[in-house]
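Report on the following structure.
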Amino acid sequence: MLLLLGLLFVQFIILSSAQFCDQRANGGELLCCKGTNNSCWVRVPSSPENALPAGQTRVCYCDEYCRTTGDCCSDLKRVEAECRAAQDCVLSRWSRWSKCSEQCGFGTMKRHRGILQTPKNGGKACPIRREKKGCFQQNCKGDMVLAQILPAEYRRQPFPIDFILPWKKNLTKIQKIRKSFRSHCVNFKLMSKHPDCKGTWAEKLKLSKPMCVECQPAIMDDNGFCKGEGIVGNFTSWVATNSKSCSGLWMRVGEKIPNCKCVDQEFQNFIFV
Numbered sequence: 001m002l003l004l005l006g007l008l009f010v011q012f013i014i015l016s017s018a019q020f021c022d023q024r025a026n027g028g029e030l031l032c033c034k035g036t037n038n039s040c041w042v043r044v045p046s047s048p049e050n051a052l053p054a055g056q057t058r059v060c061y062c063d064e065y066c067r068t069t070g071d072c073c074s075d076l077k078r079v080e081a082e083c084r085a086a087q088d089c090v091l092s093r094w095s096r097w098s099k100c101s102e103q104c105g106f107g108t109m110k111r112h113r114g115i116l117q118t119p120k121n122g123g124k125a126c127p128i129r130r131e132k133k134g135c136f137q138q139n140c141k142g143d144m145v146l147a148q149i150l151p152a153e154y155r156r157q158p159f160p161i162d163f164i165l166p167w168k169k170n171l172t173k174i175q176k177i178r179k180s181f182r183s184h185c186v187n188f189k190l191m192s193k194h195p196d197c198k199g200t201w202a203e204k205l206k207l208s209k210p211m212c213v214e215c216q217p218a219i220m221d222d223n224g225f226c227k228g229e230g231i232v233g234n235f236t237s238w239v240a241t242n243s244k245s246c247s248g249l250w251m252r253v254g255e256k257i258p259n260c261k262c263v264d265q266e267f268q269n270f271i272f273v
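Mapping to full-length UniProt numbering: the sequence shown position 159 is 159, numbers consecutive.
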């Protein structure tokens, strides 16, 4: 008799524990189920609440849909809270900044950080993982020639445009060039300007308005070109003369226009220096 009562008590404990989605106390697992999951269930023993005959059991579910069907396990609320414990995103340290993307003129540097722990169950999302900043290089060689510009009003008329800063060339050479060449214009599409242009005369540059840059004989080379004219369709760099770190990218959009001065109000007008 005592043995029978003991067996019944053990069975009662087993059946009682079986009504929980959390079976870890009995060597099982914590059932965390999303949506409609018909395989996520345990057996519930008879009790006054479920009105089952003595010794019988029924299935209770641990998924989200059981709230609609009304057959949830009794500990569902606690289990859901534990299953959905927030896990915030954890990132690694920032990498070193990359090298400047441009060897001559305005470019960008980048850095990144990896994900050590992904966010789960409403945890904080990962913050910015990639950053970039501007950089300015002066390793200009060969065809990577940096254009230096000033507003067109710095043009000195009707004479000596021969001494536009920052260079002063030999007057005899300049006069020879002026006899061979006349001013020409080069048009550009402005692609970018460095944040350091703020507070300088170059701050007024607009990306939406085309640029006309005048090449004057006083600063031409022996072939009649100005430093930094670039090639049609190519991206090259410019720097605002006398404005430290103010630079950017532009793209040449056409052949040079001979016997020209940059005076059209539809353009932003400058001179090479």
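Don't be surprised by glycine CBs; every beta carbon is placed ideally from N, CA and C.
Quick caveat, the model's predicted, so the values are computed rather than measured.
Separation of residue j from residue i, as counted between CA atoms
| i | j | result |
| --- | --- | --- |
| P195 | G248 | 9 Å |
| E82 | I128 | 29 Å |
| R96 | R111 | 6 Å |
| C32 | V79 | 7 Å |
| N242 | R130 | 33 Å |
| M191 | V253 | 12 Å |
| G114 | K132 | 16 Å |
| E266 | P210 | 8 Å |
| E29 | S92 | 32 Å |
| Q56 | P119 | 43 Å |
| H184 | G230 | 14 Å |
| I257 | R155 | 18 Å |
| K193 | W238 | 9 Å |
| S208 | R67 | 58 Å |
Residue i versus the options, residue with shortest Cα-Cα distance
| i | options | result |
| --- | --- | --- |
| F188 | F235, K204 and F225 | F235 |
| G35 | K256, C62, L91 and V42 | C62 |
| P217 | R182, A25 and Q87 | R182 |
Beta-carbon gap between residue i and residue j smaller than 7 Å
| i | j | result |
| --- | --- | --- |
| A152 | A202 | no |
| Q137 | C89 | no |
| V232 | F270 | no |
| G224 | L146 | no |
| D22 | D71 | no |
| F272 | C197 | no |
Beta-bridge partners of residue i, as assigned by DSSP
| i | result |
| --- | --- |
| I149 | A240 and F272 |
| I231 | Answer by DSSP bridge pairing: none, since I231 is not bridged. |
| S247 | V239 |
| Q23 | Answer is none; Q23 lacks a bridge partner. |
| N187 | C212 |
| Q265 | Q265 is not bridged to any residue. |
For a minimum of 4 consecutive residues, which ranges assigned as the alpha helix (DSSP H) are wholly contained in the segment 59-91?
66-69 and 76-83
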